[in-house]
Each structure stands twice: as structure tokens, then as C-alpha cells.
Amino acid sequence: YKPLTYRPDLVRGFSLTGEAYKTEIDVDEMITRIYEVDVHVKEGITRVEATKVKEIPAKVGLSLFPDPKADLIAEVARNIQFPTISLKEITKYVVRVVNLLLDTQKATLEQLFYYRYNLALEIKREIQKLLDSYAQIRFENFRNEKKLGTCPSFVLPSTVEIFLHEDTEYNKHFYERAYLMNSEEKIVADKIDPLENVRWWLRNIERSGFYLQGYRKGRFFPDFIVKTNNNNYCIIEYKGRTFARYP
């Protein structure tokens, strides 16, 4: 067994070229996000209203560029970086998106040039969607082929250096001090520590502690790890008061 990793295992073989990756995007949605967005907060409710900009705030001197479209494509592509995708592939994808936006007459070259950094962010978002879909399919294939399993692979070191820690001395925390917690996480810790069936518990250390890898790029680091007297392990993630209204 080896730990499942995002880059080598889940997105290996991904390509932006070929029939499988035709440029299929919602042009109106992309244009809306490229342009300015107004955010209104009223009576605790946040509303996001897109403002389609018909005229750009400043004149873009396209005449200063020998080939403004090529310069736009090159600059946008340079601002989109993925470790597993070559600049050549990204550039070809940018060409397809720019041509699509111009062909639908929903944006002018001058507008795209002015909002080129927003355009780069939106194209990067679209590529990430394709990556996520590809990774999810590979993950499901691994699971269906029974190539995913569980085995002991994470070992807690006997000592660690924790620079951001709590001053409270808990009776059953695995280490002498617990990693820093917010006020709500402290409430959870205070409830776990006195439980009779808990042998020890650990405030998981972000970015260097125990994690789970799914088909998403990011790793999931749970807030707490608990070992019971029956040798069962529990991982606990506290989601906060904002989710209290959901059943």
C-alpha cells in the first residue's frame, strides 16, 4: 500500500487537448464574473449582483501592440499555472476560450484586454473544474476496482514542537500542550477531555498532522483525533455555529 496522492495518482494523464476537452463553458456566466460584481448586504442577507460593463473605464491602446489578440492570449496564459499542465496546452485552451468569447460577440477584444487578469482567473477556474472532474472519475475507478483501501500509515511522533499552542493543560491530550484552537474548538475540547471512554485525544496540527485525501486537490485535516478505551479511533471536525440551523 501507498498513500493516495492528488498529483501522481488522480490527475496523471490529464490533458486539455483532444475530443474529451472541448471548450464548453457558459459564456454569459463567464462574462458576468469577468466584469465587476456588486455585493450588497442587507438585513444579514448577502446579495451578489453582477454588473455587465458595456464601456471600460479607460481606453486600451490596442494600436500599441503589433498583434493585440496574440499578446492578450500570451499574457493570460502566463498567469495560469498548473504543475501538471504545460504552458503550451494552457495557451491552446486560452485561444479556444478567447475565440469563443469573441465569436459570440458578448465581449470585445478591448474589453477582454482591459479585464485580462479577471479573464485569467476565470479560465483557471474552468480548467480546475475539468481537473476536478477527471480526478473524481479516477478516484471512483480506483474504488470500483478495489484499489483503494485502508491500512495503518500515520504515526504520531512521541514529541513535537508546537509554536502556536494553548496554555490550558488537558488531562488526556496526547501531547503536553494542544495546538492553537478558536473559541468554538475549545468548547469541543472541553467536552472530549473528561469523557470516561476516551484514552487520549489530539488537536490535529494543520498542514503537518493527520489528513484524508479524496479526489479534491486539498487535503482534509480534521480538527481532532480521539482514541477510545476500546481502541477505536474517531476523527472530529467542528463546523461552527453557522451550520447549527441545518438538521
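Our numbering numbers the first residue of the sequence shown as 54 and each following residue consecutively.
Every residue, glycine too, gets a C-beta built ideally from N, C-alpha and C.
Residue from Q164, T157 and T212 with nearest C-alpha to K122: Q164
Under 8 Å: do the segment 265 to 279 and the segment 226 to 243 share three or more Cβ pairs, one atom per stretch? yes
Can you tell me whether T70 is buried or exposed, with buried defined as 16 or more other CB within 10 angstroms of its CB? exposed
Quick one: what does DSSP say K280 is sitting in, helix, strand or coil? strand
For K177, I'd like the list of residues in its chain whose CB is within less than 6 Å of its CB, leaving aside the five on either flank, ordered along the chain. I133
Rounded C-alpha distance that separates K199 from D120: 53 Å
DSSP three-state label for Y170, please. helix
Just to check my reading of the structure: R230 and I215 have Cβ atoms closer than 8 Å, yes? What is that Cβ distance to the nearest angstrom? 6 Å
For T144, the nearest candidate out of R131, R256, T137 and L153 (CA to CA): R131
Just verifying my parser: in three-state terms, what is the DSSP assignment at H218? strand
Cβ of E219 within 8 Å of Cβ of M234? yes
CB-CB under 6 Å to A188, same chain, minus the five flanking residues each way: which ones, in chain order? L63, V64 and Y268
Which one of I138, D156, P247 and F118 has the shortest CA to CA distance from P61? I138
Comparing C-alpha positions only, which one of V208, T161 and G271 sits nearest to L184? G271
7 Å Cβ shell around Y302 - same chain, five flanking residues per side excluded: The displayed coordinates of the chain run from 54 to 300. Any statement about residue 302 would go beyond what the structure contains.
Any heavy atom of the ligand FMN closer than 7 Å to the beta-carbon of E179? For the ligand FMN, the structure offers nothing, since it holds no ligand at all.
What residue from E128, E290, Q266 and G114 has the CA that sits closest to Y170's CA? E128
S206 and P56 closer than 8 Å at C-beta: yes
Contact under 8 Å by Cβ, F227 with L248: no
At which residues does the beta strand (DSSP E) containing V213 begin and terminate? That residue, V213, is in no beta strand (DSSP E); it is neither H nor E in DSSP.
Determine the DSSP secondary structure at I289, reduced to helix, strand or coil. strand
DSSP state of V208 mapped onto helix, strand, coil: coil
For V251, which of helix, strand or coil comes out of DSSP? strand
For T58, which of K225, E259, L201 and K280 has the nearest alpha-carbon? L201
Let me know the alpha helix (DSSP H) ranges lying completely inside the segment 113 to 139, each 4 residues or longer, listed in chain order. 121 to 131
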